[in-house]
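Colleague: Protein sequences appear in the order of chains V and G. Take any residue in the first sequence, count from 1 to its spot, add 518: that is its number in the working numbering. Take any residue in the second sequence, count from 1 to its spot, add 426: that is its number in the working numbering. Idealized CB from N, CA, C, for every residue including glycine. Just so it is clear, the structure is predicted and the values come from calculations on it, not from any experiment.
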Amino acid sequence: MQAFEYANPTSVKEAVGMLGATWSDAAVLAGGTDLLSLMKDYVMSPKRVVNIKNIKELQGISASGGGLRIGAAVTIEELVNYASLRTNYPSLHAAASGITSPQIRNMGTVGGDICQRPRCWYFRQGHGLLAMHSGKSLVTNGENKYHAIFGEGPGKFVSASSLGPALVALGAKIKIASASGEKEVDAAKFFLDPKSDAEREVALAPNEIVTAIMLPAARNVRNATYEVRHKDALDWPLATASVALTMDGNKVKSAQVVLGHVATTPWNAAEAGKWLVGKTIDADVAAKAADAALAGAKPLSQNIYKVQLAKVAVKRSLLAAAGIKV
Amino acid sequence: MPEYKWPPMEKRRVVGKRISRLDGIAKSSGKAKYPSDLNLPGTLFGVILTSPHAHAKVKSIDLAAAKAMKGVADIRVVAPAGTEIQWAGAEIAYIAAETEPIARDAMRAIKVDYEVMPHLVREDDLAKAGPRAKAAGEQVTGDPDKAFREADVTIEGSYGIPVLTHSCLEPHGQVVGWKGDKIDYYPSTQNVSGIGGDLARSLSVPVNSVSVKMDYMGGGFGAKFPSDIWGRESAQMSKTSGGKPVKLFLDRAQELTIAGVRPSAYAKVKVSAKKDGTITGWQSDSWATGGVGGGGMAPIPYVFTSIPNKRMNHTAVSTNTGGARAWRAPNHPQASFITCAAFEDLAAKLKMDPTELFDKNLGYTARADVYRKQIAKAKEMIEWSKHWHQRGEVKTVGAAAGSSSLRRGLGMGIATWGGAGHASECRVNVHPDGVVEIEIGSQDIGTGTRTAIAMVVAEMLGLSHTEVKVKLGENIYPPSGASGGSTTIGGVSSSSLKAAANALEKLMEAVAGSLGTTPDQLEAVDSTIRVKGNPSKQISWKAACQKLGVKSISETGKNDPKNPGGLNTQGVGGIQMADVTVDIETGVAKVNKIIAVQDCGLVVNPKTAESQVYGAMIMSVCGALMEERIMDEMTGRVMNADMEFYKLAGISDIGEMQVHMDISPEHDKRGVIGLGEPCAIGGVAAIANAVANAIGVRVPTLPVTPDKVLAALYGDKLGRQSLA
Chain V
519 MQAFEYANPT SVKEAVGMLG ATWSDAAVLA GGTDLLSLMK DYVMSPKRVV
569 NIKNIKELQG ISASGGGLRI GAAVTIEELV NYASLRTNYP SLHAAASGIT
619 SPQIRNMGTV GGDICQRPRC WYFRQGHGLL AMHSGKSLVT NGENKYHAIF
669 GEGPGKFVSA SSLGPALVAL GAKIKIASAS GEKEVDAAKF FLDPKSDAER
719 EVALAPNEIV TAIMLPAARN VRNATYEVRH KDALDWPLAT ASVALTMDGN
769 KVKSAQVVLG HVATTPWNAA EAGKWLVGKT IDADVAAKAA DAALAGAKPL
819 SQNIYKVQLA KVAVKRSLLA AAGIKV
Chain G
427 MPEYKWPPME KRRVVGKRIS RLDGIAKSSG KAKYPSDLNL PGTLFGVILT
477 SPHAHAKVKS IDLAAAKAMK GVADIRVVAP AGTEIQWAGA EIAYIAAETE
527 PIARDAMRAI KVDYEVMPHL VREDDLAKAG PRAKAAGEQV TGDPDKAFRE
577 ADVTIEGSYG IPVLTHSCLE PHGQVVGWKG DKIDYYPSTQ NVSGIGGDLA
627 RSLSVPVNSV SVKMDYMGGG FGAKFPSDIW GRESAQMSKT SGGKPVKLFL
677 DRAQELTIAG VRPSAYAKVK VSAKKDGTIT GWQSDSWATG GVGGGGMAPI
727 PYVFTSIPNK RMNHTAVSTN TGGARAWRAP NHPQASFITC AAFEDLAAKL
777 KMDPTELFDK NLGYTARADV YRKQIAKAKE MIEWSKHWHQ RGEVKTVGAA
827 AGSSSLRRGL GMGIATWGGA GHASECRVNV HPDGVVEIEI GSQDIGTGTR
877 TAIAMVVAEM LGLSHTEVKV KLGENIYPPS GASGGSTTIG GVSSSSLKAA
927 ANALEKLMEA VAGSLGTTPD QLEAVDSTIR VKGNPSKQIS WKAACQKLGV
977 KSISETGKND PKNPGGLNTQ GVGGIQMADV TVDIETGVAK VNKIIAVQDC
1027 GLVVNPKTAE SQVYGAMIMS VCGALMEERI MDEMTGRVMN ADMEFYKLAG
1077 ISDIGEMQVH MDISPEHDKR GVIGLGEPCA IGGVAAIANA VANAIGVRVP
1127 TLPVTPDKVL AALYGDKLGR QSLA
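#1: Assign P564 of chain V to one of three DSSP states: helix, strand, or coil.
#2: Closer than 8 Å, CB to CB, is F763 of chain G near chain V or not?
#3: Helix, strand or coil for G583 of chain G, going by three-state DSSP, please let me know.
#4: With a threshold of 8 Å, are at least 3 pairs of Cβ atoms found where one atom belongs to the region 441 to 449 of chain G and the other to the region 643 to 652 of chain G?
#5: If you check the beta carbons only, do F709 of chain V and P784 of chain V fall under 8 Å apart?
#6: Kindly indicate which three-state DSSP category S615 of chain V falls into: helix, strand or coil?
#7: Would you report the Cα separation of T873 of chain G and P1091 of chain G, rounded to the nearest angstrom?
#8: At least one CB of chain V closer than 8 Å to the CB of V1014 of chain G: is that the case?
#9: May I ask you to report which of helix, strand or coil DSSP gives I979 of chain G?
#10: If distances are taken between C-alpha atoms only, which option among G:G1097, G:D1009, G:M807, G:I1001 comes closest to V1110 of chain G?
#11: Out of G:L595, G:L923, G:M1087, point me to the one whose CA is closest to Q800 of chain G's CA.
#12: Tell me whether W967 of chain G sits in a helix, a strand or coil according to DSSP, three-state version.
#13: On a CA-only basis, which of G:P588, G:G975, G:A1067, G:E681 is nearest E1054 of chain G? Give me that one, please.
#14: What in chain G is Cβ-close to A695 of chain V, meaning under 7 Å?
#15: Listed in chain order, which residues of the region 749 to 765 of chain V have Cβ atoms closer than 7 Å to some Cβ of chain G?
#16: Mind checking whether T913 of chain G and G847 of chain G have CB atoms under 8 Å apart?
#17: Using only alpha-carbon positions, find the residue among G:S660, G:T1012, G:L590, G:P557 that is nearest to W604 of chain G.
#18: At which residue ranges does the region 777 to 802 of chain V contain complete alpha helix (DSSP H) runs of 4 or more residues, listed in the order of the chain?
#19: When you compare only the Cα positions, how much space is there between K654 of chain V and M1060 of chain G?
#20: So that I know if they touch, is there some Cβ in chain V lying closer than 8 Å to that of N1018 of chain G?
#21: For A482 of chain G, which beta-bridge partners are listed by DSSP?
#22: Taking all protein chains shown into account, do 16 or more other C-beta atoms lie within 10 angstroms of the C-beta of I588 of chain V, making it buried, or fewer, making it exposed?
#23: Per DSSP, T1007 of chain G forms a beta bridge with which residues?
#24: Tell me whether the region 808 to 816 of chain V and the region 826 to 835 of chain V touch, counting them as touching only if at least three CB pairs, one residue from each stretch, are closer than 8 Å.
#25: Should M427 of chain G be labelled buried (16 or more other beta-carbon atoms within 10 Å of its own) or exposed?
#26: Please look up how many angstroms separate the CB atoms of G818 of chain G and G1122 of chain G, rounded, as I've assumed it's under 8 Å.
#27: Tell me, please, whether the CB atom of A827 of chain G is closer than 8 Å to any CB atom in chain V?
#28: Helix, strand or coil for E575 of chain V per DSSP?
#29: May I have the straight-line CA-CA distance separating L489 of chain G from Y540 of chain G, to the nearest angstrom?
#30: I think A613 of chain V touches S835 of chain V, with their Cβ atoms under 8 Å apart; what is that distance to the nearest whole Å?
#31: Nearest to Q565 of chain G by alpha carbon, out of G:A553, G:T580, G:P727?
#32: Determine contact between the region 930 to 948 of chain G and the region 1123 to 1135 of chain G, defined as no fewer than three beta-carbon pairs at a distance below 8 Å.
#33: Threshold first: 4 residues or longer. Then list the alpha helix (DSSP H) segments lying entirely within the region 1057 to 1145 of chain G, N to C.
#34: Which runs of the alpha helix (DSSP H) at least 4 residues long sit entirely within the region 865 to 909 of chain G? Give them in chain order.
#35: Figure out for me which residue from V:P608, V:A787, V:Y524 has the closest Cα to the Cα of R737 of chain V.
#36: For E450 of chain G, which of helix, strand or coil comes out of DSSP?
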């Protein structure tokens, strides 16, 4: 680990002032469940580490305009235990509950979840975000069973965010602070597909931090997440789907279908969403929507199975959202 | 000399009782200190620079920048220019520094120039191994060709089980300090009495100059016998640093890459049988790797060794990967899986219940009666007759069972092992204040050895197990064998029984007069010494010891493996059965329940024995459904040298477990037999066979992961098989 300077600000303003113009100047420390590993492995070597856990403005969950404001430093455990989450946002509740390590749930934060670096083993072993070697993709030519099945870009890692797909499906917004003030970005636009090793996978500049996640009202939005997992205990899901439906009687008025762990970002299956409009959800409709959602998948040499898993996730999340037991 | 024998089953007061391990609280509260917890004043921190290449020649090493760094105590190159590196992770240089950050910075400041050479790191596709594959010769018994010609039915199957790593929670390593001509050595080891000599030899110093101390250790599974290069180099760095202790433990990636692996085993198998299920022939073409040295043949056909007509060919594949070490029951889980999977496939083709097929062929085993009874007991425990179905019949699970994608199945696996006691010496000291100390150069590697020794001595002395103190983990105590191959319990129980019997004899000689009788008329019961047949004539243990005056009793006992005198023996059988549910839409398999029926002779402590079987069954769940070392041909490296993608079961992944220790006069009279290995064998086959039973097709290679289940069910369009 490269020696670093440690900063412990108590306000957002102070914190962003401590960040730098480049990624190597500073890194943000929240739960610390991953940053220290990245630093020990020299994947990230910031000159300064800025702890944001002592900033009051980043704490707490509160009602806001019919929805919720979730502070960036709220832990996953706090989120899971928030009273109305399971009722109004079962999709987010399920995604947060899928982080099955009590240690990580107790330490890890929602801001950390959406900003965490990919788990791609080539990236983690120091081959860079895109894992290119002499012009060849290590992922495409190597061990890719856990990698992407969607995306035209050079990156083949999968977004590691557990909450991302649910946030995108629910139409959440991400609040971002910099020295020049605060802005809001759609969750769908927060996650990026990098085109070079120098880029990042989220829409943050080196001197910006996430301050909160804003969830819109969802009382009439039927939503659900389904994760296909190899293990129940601590493990990354193999594929997930989060759906959010507004209904007109028993017919779908609008639908968001967002897949997780299949691309460099939460993957918006827009065709499936469009196709669902006007349909009444049953097992057959859910299966057809799943086919539509995965129609454009381009699996790599070892991960064709993820196409099937993502289909199952779409189907089961739709049925769950519609209240149909499987 | 007293007679050395186990008290009759019905008279035992301590041995055979369910006693919680003596160090349980210390371990679970964190009070127990492991070698890696040790931080002595002035300790230097050691790290290892390893090769990033799987196959390369070291052209040059430049230490200048690293040596110039403040706080660097010593750097020792172990792979100088000209060395051919054979796997990624191989050690290049050792560094000791005042702090971990300095050591790691220095490591990164060392410049190594490599000439990179072609590598082979995967062996699952034998066709790609080329000249790295070496045939090990053919073994033929009987006339296999005739057997296959005349068979009513023949099955052919491909089966494979990949390389696993030991993944010890406490990595390999030690704290070691060189003081004058003595060395204080605190290793994490399975070999307290032997490892000091091993280190001494590697350093060319007298064997008795090394003091070994280890109270607890965090897992070895067969990989922690030698002192290793890191032991030697750390000792050398301590010496050059004026004797400052050097603490060096492998990091997680190193632990999973270079500290030993279990070899793989792949085989194409053909089995022939008569209509009634009698097996007539076996043919196998197997291959394996355990690193550069290749890999030996798993003992197939397993257990059913007397099949009359057999042909076995084996190929050892040399790969540029970290070398193999013993792994709990070396080669047995692999052999059990390959054999039991082929038998299960044969039973499916015959439309037979596999337990009947196994039963029909028990004559080919060395322990037919034991296995027959165990199979019956295991079937009862898993409710075989209620839940088993023919392969291809659909047994759904869940409320809406008709449309459910969940399929349930049962399977079985078989095991055998030796387990005779190793050479062991023990000393029992009885002091005039009544204190009893047991000194033995053994180790408790988590199996409950400490507790078992206390129980045996307490039994012999008529005391409670809390009234004796076990001192182990140091090589100043009488030597006892390394803990490997299920040899410990037989060895230490026999030596401690003898030492206790000898000590008791001396005590009785000291007190007989005061009780007005001769020593042979005395017995030790309930913390008293009393006259046989006249319990009112007694003296308390404490009072008896006071009669020793100022002189303690110090008596030793020895287990000689060539002449265990009926106290311990070898040869056990075990049956495990599993009940699984597989989601045929996702390919995810879950264990509902796994059961074990295991004989192991006289059981000293049923509670810790069962606990050991539970651990083994959890390992089986991991091995069957999750674990594999993933090698990348592109970079030549282990992709999952971590606890993230090297998947191990968590509590929620295990399912229900039941253990039946086959405790009976019939087994008890055989004496003590080791348990560590036999219970870690059959579970993998049981789970794999249960999956085949559940989904109607064989998943040929382990672990049974979703991609492979989907490929087995629907072909390459939905999944991927790693074996052609």
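Modeller: This is what the structure gives:
#1: coil
#2: no
#3: strand
#4: no
#5: yes
#6: helix
#7: 24 Å
#8: yes
#9: strand
#10: G:I1001
#11: G:M1087
#12: helix
#13: G:P588
#14: Within 7 Å Cβ-Cβ: nothing; A695 of chain V doesn't reach chain G, min ~31 Å.
#15: K749, D750, A751, L752, D753, L756
#16: yes
#17: G:S660
#18: 788 to 794
#19: 10 Å
#20: no
#21: G:I511, G:V542
#22: buried
#23: G:R834, G:K1016
#24: yes
#25: exposed
#26: 5 Å
#27: Its pLDDT being 48, under 50, A827 of chain G is placed unreliably in this model, and the coordinates cannot settle the point.
#28: helix
#29: 15 Å
#30: Contact doesn't hold; Cβ gap of about 11 Å is too wide.
#31: G:P727
#32: no
#33: 1091 to 1094, 1108 to 1121, 1132 to 1140
#34: 875 to 887
#35: V:P608
#36: According to the sequence provided, residue 450 of chain G is Gly. The question's Glu does not apply to it. It is helical.
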